[in-house]
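With the working numbering as the guide, the letters of the sequence shown map in order to residues 394 to 463.
We treat Cβ as the ideally placed atom computed from N, Cα and C, and that holds for glycine.
Note that the structure is predicted; figures quoted are calculated from it, not measured.
To start, the structure under review is shown below, and the notes come after it.
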Amino acid sequence: MKDYEHPFFRPLWRRIAVVAVCLIWSVIEFASGTPFWGVIALGFAGYAVWQFFYLYKPAEEAKPPAEPKE
């Protein structure tokens with residue numbers, strides 16, 4: 394997740410899905426009685442929120458080059 398500005402993460406639904414999967418994973422770990430792994434998954438979710446929603450700056454879309462002046 395170091396490259397959070399990768400084009401794969403441009404759509405909002407993908408960033409939300411990554412966070413949701415981490416949260417669901419955490420809930421499953423806590424429910425199955427393994428709080429250590431639940432805390433780790435919760436940490437992943439927190440880090441994902443930080444990267445994908447707090448620090449995320451969408452890359453500028455490819456703009457056509459300006460027409461040359463004559």
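{"Query": "Rounded to the nearest angstrom, how far is the Cβ of Y397 from that of Y449, given a contact under 8 Å?", "Result": "6 Å"}
{"Query": "I need the straight-line Cα distance from A413 to R403, nearest angstrom please.", "Result": "16 Å"}
{"Query": "What's the C-alpha gap between W406 and G431?", "Result": "24 Å"}
{"Query": "If you draw a straight line from the alpha carbon of A424 to that of A410, how long is it in whole angstroms?", "Result": "21 Å"}
{"Query": "Do you know how far the Cα of Q444 is from the Cα of F437?", "Result": "10 Å"}
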